[in-house]
Amino acid sequence: MTTEPRPVLVVTNLDDPTADLVIAELHGRGVPVVRLDSGDFPATLSCSAYIGGDTARWGGSVATPTRVAELGGVRALYYRRPSGFAFPHLDPQDARFAVAQARYGLGGVLASLPDCRYVNHPNRIGDAEYKPAGLAAAAACGFTLPPTLITNRPDDARAFIKDQGPVIFKPLTVPLYLVDGKAQTLPVAEVTADEIDEGVSGTMHLFQARTDKAADVRVTVIGEQIFAVRIDCDLLDWRTDYSTHTYTPITTPPAVARAIRSYLVHFGLVFGAFDFTLSASGEWTFIECNPSGQWAWLEPPTGLPLTAALADLLERGTHDRT
């Protein structure tokens with residue numbers, strides 16, 4: 001095993017083409033990278049960390065079969081989409097205990113590295129992934145929002161749809177959903193009052209007035225750089241068929257850019273993938289911000305230097321930290 005000087009730590013699963021692009025860019029610049037997946041612990045991933053006495057911050061290391069990263073020397077941590085801790089060789093009760101120790105032990109160490117730039121910090125990602133918190137922050141930051149109801153009361157859902165229609169339903173979060181063993185995207189769908197039954201009472205649901213849009217906009221913020229792309233297609237949910245899209249880089253209006261900055265500061269993020277709808281009159285309506293959103297597919301059709309911008313942020317580490 002080799003110890004890398006001031007590496008970038010990339011925490012993600014094995015099948016992550018977006019992380020692959022960033023790692024290749026960093027390698028091309030001569031920046032050392034240590035890639036790891038929390039799901040590899042403890043089989044092929046190990047960690048020892050110490051603090052106290054004459055040591056005022058975490059020392060020690062995290063190691064994969066081929067790389068070692070000294071905890072005090074990580075310049076930046078790119079937190080993408082690691083797989084979860086799993087202990088299939090243990091009985092269920094012992095596995096729950098082991099997962100908790102790993103999450104709060106290894107996870108806690110990786111979340112408290114000294115002089116490390118996080119893109120993004122895992123705790124801040126967790127905060128920002130709550131849609132109600134995101135919508136409240138967006139309203140406070142000055143974005144225009146569609147009327148939204150989060151409820152498990154069928155009567156309230158029916159009344160909202162009748163008052164605000166047309167209305168769409170979308171999940172509050174998207175856990176792994178398998179159909180015939182393949183991961184599926186749960187699409188946004190329009191819903192009528194007649195379709196609301198007592199099943200709504202079983203959990204929370206998000207209903208939102210459908211915006212009258214001429215196009216969608218994805219805004220990817222990487223550090224100080226804002227990359228806005230107009231997405232033209234005829235779909236309610238553009239994620240359901242990427243082959244129908246036309247992409248056009250556009251300029252973010254100053255008021256929207258200021259609200260974006262305020263939103264990121266509110267959650268302590270340095271990266272965000274924002275989704276907006278764009279009306280025929282040019283009004284931007286906030287839909288959501290994904291603190292771990294995808295962006296790599298936008299680079300080839302637009303020529304925007306997204307990979308380079310991400311690598312710049314990680315390579316600099318905390319030198320320009322704000």
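For the sequence shown, counting from 1, position 153 maps to 153 in the UniProt record's numbering; every step adds exactly one.
Every residue, glycine too, gets a C-beta built ideally from N, C-alpha and C.
Return the Cβ separation of residue i and residue j in integer angstroms, given the expectation that the two are a contact with Cβ distance under 8 Å.
| i | j | result |
| --- | --- | --- |
| residue 63 | residue 46 | 5 Å |
| residue 33 | residue 10 | 6 Å |
| residue 263 | residue 302 | About 23 Å; that fails the 8 Å criterion. |
| residue 39 | residue 83 | 3 Å |
| residue 150 | residue 206 | 5 Å |
| residue 167 | residue 191 | 6 Å |
| residue 146 | residue 244 | Contact flag wrong, Cβ pair sits at about 23 Å. |
| residue 259 | residue 143 | 5 Å |
| residue 304 | residue 249 | 6 Å |
Does DSSP classify residue i as helix, strand or coil?
| i | result |
| --- | --- |
| residue 156 | helix |
| residue 47 | strand |
| residue 23 | helix |
| residue 294 | coil |
| residue 142 | coil |
| residue 195 | helix |
| residue 317 | coil |
| residue 267 | helix |
| residue 99 | helix |
| residue 249 | strand |
| residue 299 | helix |
| residue 234 | coil |
| residue 275 | strand |
| residue 242 | helix |
| residue 16 | coil |
| residue 149 | strand |
| residue 104 | helix |
| residue 228 | strand |
In the DSSP output, what is residue i paired with across the bridge?
| i | result |
| --- | --- |
| residue 213 | Answer by DSSP bridge pairing: none, since residue 213 is not bridged. |
| residue 61 | 48 and 70 |
| residue 260 | The partner list for residue 260 (beta bridge, DSSP) is empty, contrary to what the question assumes. |
| residue 85 | DSSP lists no partner for residue 85. |
| residue 8 | 33 and 76 |
| residue 288 | 275 |
| residue 323 | An answer regarding residue 323 cannot be provided, because it is not within the stretch 1 to 322 covered by the chain. |
Please determine, among the options, the residue with the shortest C-alpha to C-alpha distance to residue i.
| i | options | result |
| --- | --- | --- |
| residue 318 | 122, 186, 12 and 73 | 73 |
| residue 193 | 155, 285 and 144 | 155 |
| residue 44 | 57, 66 and 59 | 66 |
| residue 79 | 28, 124 and 89 | 124 |
| residue 128 | 285, 271, 306 and 284 | 271 |
| residue 148 | 209, 190 and 141 | 209 |
| residue 122 | 268, 16, 233 and 5 | 268 |
| residue 174 | 131, 167 and 230 | 131 |
| residue 109 | 261, 77, 13 and 243 | 77 |
| residue 41 | 17, 88 and 59 | 88 |
| residue 6 | 115, 93 and 257 | 115 |
| residue 239 | 260, 290, 282 and 186 | 186 |
| residue 253 | 242, 229 and 101 | 229 |
| residue 170 | 29, 200, 162 and 163 | 200 |
Between the segment 210-222 and the segment 270-287, do three or more beta carbon pairs fall short of 8 Å?
yes
Would you be able to state if there are at least three C-beta pairs under 8 Å between the segment 299-313 and the segment 219-233?
yes
Counting pairs of beta carbons, one from the segment 139-159 and one from the segment 289-299, are three or more of them closer than 8 Å?
Cβ pair count under 8 Å is below three, so no.
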